[in-house]
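J.: After the structure tokens below, expect a handful of questions from me.
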Amino acid sequence: MAQLFGYSLDRKKKGSLAKGPSFVRKDSEDAAEPIVAGGYFGQYVDFGDKESSKGTEMDLIGRYREMSLHPEADAAINDVVNEAIAGELDDHPIDLELSNLQASDTLKKRIREEFENVLSLLDFDRRAYDIFRRWYIDGRLFYHKMINPDKPSEGITELRYIDPRKIKKVVEFDRGKGGSGLANGPGDPQGESLVPKSLEYYIYAPKGLRGFENKGVKIAPDAICYVHSGKRDMNRNIVLSHLHKAIKALNQLRMIEDSLVIYRLSRAPERRIFYIDVGNLPKQKAEQYLREVMSRYRNKLVYNADTGEIRDDKKFMSMLEDFWLPRREGGRGTEISTLPGGQNLGELEDVKYFQKKLYRALNVPESRLESDSSFNLGRSAEITRDEVKFQKFIVRLRKRFSDLFNDLLKTQLVLKGVCTLEEWDDMKEHIQYDYVADNYFSELKAQEILTERMALLQQMDPYAGKYFSLEYLRRQILRQTEMEFNEIDKQMDEEMKSGQLVSPVQMQQLELQQMEMALQPPEPDPAQQGIDPADYEQGNI
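FYI, the working numbering numbers position 20 of the sequence shown as 239, with every residue one higher than the one before it.
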């Protein structure tokens, strides 16, 4: 195994030897380039058209970044990023949710502390918008996880961003007996090597990577944090950005805008058409006569708006670009007519169509394109279907982007000895990330859901303590997370101690006292029984 730059975590997993061989390679979400090592001096073997795939990723990233500079595309990207990354000045854009994790409070506290360290390393509170926008446009995000080699237990000390045009992940396969080491691959038609040994690493080149060249620094995979969009070209295993499907729509929009500008400039002014009667003059004489007439009627006086002067610019042709056409004898003679300008210059339906098509390609609701459209503050039942679909798209983006925190949090916990890789594999499925949402539609939906839950809770309240426990009602009906559960209990205890809140036991005691007082017979009125009130008060009666 070649020596790689960086560090590697222990990847030995229990039960790995018990698994039998397979005739297919395990599918990976890392979108790495499969290559064959050994033979031919270690050169790469391309599994497709080398000329068409050379430099594809680097060129695509450059195209994505150019697209983000277009005003309409930039507005759509801002809508996506603003919905995905929200938060106020005094609030984190993202929080850790461990309610589904079956672990001790001490372990959960350590995980939350390391998550705070990860956010500090990323400077996420201040740079969250830039980080998410960069990932969304490029379709991939790379960070170098730097550690102190003398004290790896201190965890990650610094995170450095890597330009995706200069780094890529590859997987090497040892060449088997048939030549390639891949089942049914080039040089191995019989599939003799079913379980080839593999080596994963990253290649970094400061001047950029193109194609399949093997020139650069080989870096261990655990030293790099790699998060991609999840969209891949299935033919060449190339990572695509979410902007990829909008390339054609944006190009069409650009062309229609350019053609509209050219048409407006060329058809805006009215033009004159001069039909000059040249009689039976020969061709040369006719052309000379036509030029003389043109110079005679050419605009001579030009007004300079900057200096306020009028000067004679006979050498310049008129901006109207008049047309001069000769007419032979026997026609209608000399004639001057006017060619009208464009009549439909105010129609922009074509431009609006391609703008909406661009927004549809980027999964952004078309209603957000109209700046004069009013914002609906009604109930969630009035929310358009496009907004609901857009919110689901944002949730999918957040899920994919959360791989960034999973990778960094795993490295921190393993290096600091909080857990092992096997334990992390069991825990990561139960670790969730809550993003702050400022979408008013989501707020309305949450309020209506809470209203329905409170109505159901009111109906089930008489059965509390008989068929349902209070904890069941809070967890299953109100859907309170473990963090909310503990925090609410702590707040209620403090309010009971301060006298702001009456406990259920005290409330029950008060109700019993009120019931006892209601059952006691009222004291008789002395005046109604003919008894002197003074004797009644002195106890003489």
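We put the CB at the ideal spot given by N, CA and C, even for glycine.
Bear in mind the structure is a predicted one, so any value in this text is a computation, not a measurement.
Within this structure, are the beta carbons of PHE609 and VAL570 separated by less than 9 Å?
T.: For this step, residue 609 is matched to residue 390 along the sequence shown. For this step, residue 570 is matched to residue 351 along the sequence shown. No, these two residues do not count as a Cβ contact at 9 Å.
J.: Please go through the same chain and pick out, in chain order, the residues whose beta-carbon is closer than 7 Å to the beta-carbon of LEU472, but skip the five residues on each side of it.
T.: For the purposes of this step, residue 472 is taken as residue 253 along the sequence shown, with counting starting at 1. Excluding residues within five positions, the ones whose Cβ falls inside 7 Å are GLU291, PHE573, GLN574, LEU577.
J.: Please state whether DSSP places HIS289 in a helix, a strand or coil.
T.: Residue 289 sits at position 70 when you count from the first residue of the sequence shown. In the structure shown, HIS289 sits in coil (DSSP, three-state: anything other than H, G, I, E or B).
J.: Where LYS504 and ARG491 are concerned, what is the direct C-alpha to C-alpha distance, given to the nearest angstrom?
T.: Mapped onto the sequence shown, residue 504 falls at position 285. Mapped onto the sequence shown, residue 491 falls at position 272. If I take the Cα positions, the gap works out to 23 Å.
J.: Use the C-beta contact count for ALA665: other C-beta atoms within 10 angstroms, 16 or more gives buried, fewer gives exposed.
T.: The residue labelled residue 665 in the question sits at position 446 within the sequence shown. Result: exposed.
J.: Report the option in ARG615, TYR420, GLY374 whose CA atom is closest to the CA atom of PHE392.
T.: Working through the sequence shown from its first residue, we reach residue 392 at position 173. Nearest option by C-alpha distance: TYR420.
J.: Have a look at LEU320 and VAL300 and give me their C-alpha separation to the nearest angstrom.
T.: The count along the sequence shown starts at 1 and reaches residue 320 at position 101. The count along the sequence shown starts at 1 and reaches residue 300 at position 81. So the two alpha carbons sit approximately 29 Å from each other.
J.: Taking ARG547 as the reference, which of TYR380, ARG579, GLY498 has the closest Cα?
T.: Numbered from 1 along the sequence shown, position 328 holds the residue referred to as residue 547. Among TYR380, ARG579, GLY498, the Cα nearest to that of ARG547 belongs to GLY498.
J.: Could you give the first and the last residue of the continuous beta strand (DSSP E) run that contains LEU378?
T.: Within the sequence shown, numbered from 1, the residue matching residue 378 stands at position 159. Here the beta strand (DSSP E) through LEU378 covers 375-381.
J.: Quick one: what does DSSP say TYR691 is sitting in, helix, strand or coil?
T.: In the sequence shown, counting from the first residue as 1, residue 691 sits at position 472. TYR691 falls in the helix class under three-state DSSP.
J.: Could you give the first and the last residue of the continuous beta strand (DSSP E) run that contains PHE361?
T.: Taking the sequence shown and counting its residues from 1, one reaches residue 361 at position 142. First-last of the beta strand (DSSP E) with PHE361: 359-366.
J.: Please say whether LYS364 and LEU341 have beta carbons closer to each other than 9 Å?
T.: Locating residue 341 in the sequence shown gives position 122, where the first residue counts as 1. Locating residue 364 in the sequence shown gives position 145, where the first residue counts as 1. No, they are not a contact pair.
J.: So, are the CB atoms of GLY225 and LEU634 less than 9 Å apart?
T.: By one-based count along the sequence shown, residue 225 stands at place 6. By one-based count along the sequence shown, residue 634 stands at place 415. No.
J.: Tell me where the beta strand (DSSP E) around VAL512 begins and ends.
T.: Looking up residue 512 in the sequence shown gives position 293. That residue, VAL512, is in no beta strand (DSSP E); its alpha helix (DSSP H) goes 502-515.
J.: Would you mind sorting MET736 into buried or exposed? The rule is 16 or more other CB atoms within 10 Å of its CB.
T.: Taking the first residue of the sequence shown as position 1, residue 736 is located at position 517. MET736 comes out exposed.
J.: Three or more C-beta pairs closer than 8 Å, one from the stretch 612-622 and one from the stretch 326-341: is that the case here?
T.: No, the stretch 612-622 does not touch the stretch 326-341.
J.: Candidates HIS649, LEU360, ARG587: which alpha carbon is nearest ILE443's?
T.: What you label residue 443 is simply residue 224 of the sequence shown in a count that begins at 1. Measuring from the Cα of ILE443, the nearest candidate turns out to be LEU360.
J.: In whole angstroms, what separates the C-alpha of THR526 from that of GLU506?
T.: Locating residue 526 in the sequence shown gives position 307, where the first residue counts as 1. Locating residue 506 in the sequence shown gives position 287, where the first residue counts as 1. Computed Cα separation, rounded: 38 Å.
J.: Sort MET734, THR603, TYR652 by Cα distance to LEU623 and report the nearest one.
T.: Translated into the one-based positions of the sequence shown, residue 623 becomes position 404. LEU623 has its Cα closest to that of TYR652, out of MET734, THR603, TYR652.
J.: Buried or exposed: GLY258, going by 16 or more other Cβ atoms within 10 Å of its Cβ?
T.: Walking along the sequence shown from the start, residue 258 turns up at place 39. At GLY258 the pLDDT is 35, less than 50, meaning the model places this residue with poor confidence; the figure from the coordinates comes in the next sentence. Per the 10 Å Cβ criterion, exposed.
J.: Using a Cβ-Cβ cut-off of 8 Å (strictly less than) and excluding sequence neighbours within five positions of PHE260, which residues of its own chain qualify?
T.: Taking the first residue of the sequence shown as position 1, residue 260 is located at position 41. Reliability of the predicted coordinates at PHE260 is poor, the pLDDT of 32 falling under 50, and no value is obtained from them.
J.: Is the beta carbon of ILE466 sitting closer than 9 Å to the one on MET286?
T.: Residue 466 sits at position 247 when you count from the first residue of the sequence shown. Residue 286 sits at position 67 when you count from the first residue of the sequence shown. Contact: yes.
J.: In the structure shown, what three-state DSSP assignment does GLY170 receive?
T.: This structure cannot speak to residue 170, because the chain is shown only from 220 to 760.
J.: Please state the DSSP three-state secondary structure of LEU676.
T.: Mapped onto the sequence shown, residue 676 falls at position 457. It is helical.
J.: Can you give me the C-alpha to C-alpha distance between THR603 and PRO368, rounded to a whole angstrom?
T.: Here residue 603 is taken as the residue at index 384 of the sequence shown, counted from 1. Here residue 368 is taken as the residue at index 149 of the sequence shown, counted from 1. Approximately 55 Å, taken between the alpha carbons.
J.: For GLN699, which residues from the same chain have a beta carbon less than 8 Å from its beta carbon, with the 5 sequence-adjacent residues on both sides left out?
T.: Within the sequence shown, the letter at position 480 stands for residue 699. The answer, listed in chain order, is ARG693, ILE707.
J.: Could you tell me the boundaries of the beta strand (DSSP E) in which GLU316 lies?
T.: Reading the sequence shown from its first residue, position 97 is the one you call residue 316. Unbroken beta strand (DSSP E) run through GLU316: 313-316.
J.: Is the beta carbon of ASP344 less than 9 Å from the beta carbon of THR630?
T.: Locating residue 344 in the sequence shown gives position 125, where the first residue counts as 1. Locating residue 630 in the sequence shown gives position 411, where the first residue counts as 1. Cβ atoms of ASP344 and THR630: not closer than 9 Å.
J.: ARG483 and ASP298: beta carbons closer than 9 Å?
T.: Within the sequence shown, residue 483 is the residue found at index 264, counting from 1. Within the sequence shown, residue 298 is the residue found at index 79, counting from 1. No, the pair does not count as a contact, with Cβ atoms beyond the cut-off.
J.: Roughly how many angstroms lie between the CA atoms of SER271 and ILE438, to the nearest whole one?
T.: Here residue 271 corresponds to residue number 52 of the sequence shown, with the count starting at 1. Here residue 438 corresponds to residue number 219 of the sequence shown, with the count starting at 1. Residue confidence for SER271 is low, a pLDDT of 39 falling below 50, so the modelled location carries little weight; the figure read from the coordinates is stated next. Between SER271 and ILE438, the C-alpha separation is close to 27 Å.
J.: Could you give the first and the last residue of the continuous alpha helix (DSSP H) run that contains ASP324?
T.: For the purposes of this step, residue 324 is taken as residue 105 along the sequence shown, with counting starting at 1. Start and end: 324-341.
J.: Please confirm whether any heavy atom of the ligand ADP lies closer than 8 Å to the CB of TYR682.
T.: By its list of ligands, the structure shown contains no ligand whatsoever, and the ligand ADP lies outside what it can speak to.
J.: Using three-state DSSP, classify ALA305 as helix, strand or coil.
T.: On the sequence shown, position 86 is the one that residue 305 refers to. Residue state, collapsed to three classes: coil.
J.: With a 10 Å radius around its C-beta and 16 neighbouring C-beta atoms as the bar for buried, classify MET538 as buried or exposed.
T.: The sequence position of residue 538 within the sequence shown is 319, counting from 1. The predicted position of MET538 is uncertain, since its pLDDT is 42 and thus under 50; no value can be drawn from it.
J.: How long is the line joining the alpha carbons of PRO312 and TYR654, rounded to whole angstroms?
T.: Position 93 of the sequence shown, counted from the first residue, corresponds to residue 312. Position 435 of the sequence shown, counted from the first residue, corresponds to residue 654. Each residue's Cα considered, the two are about 6 Å apart.
J.: Can you list, in chain order, the residues of its chain with a C-beta nearer than 6 Å to that of MET474? Leave out the 5 residues immediately preceding and following it.
T.: As a position in the sequence shown, residue 474 is number 255, starting the count at 1. Closer than 6 Å at Cβ, skipping near neighbours: no residue.
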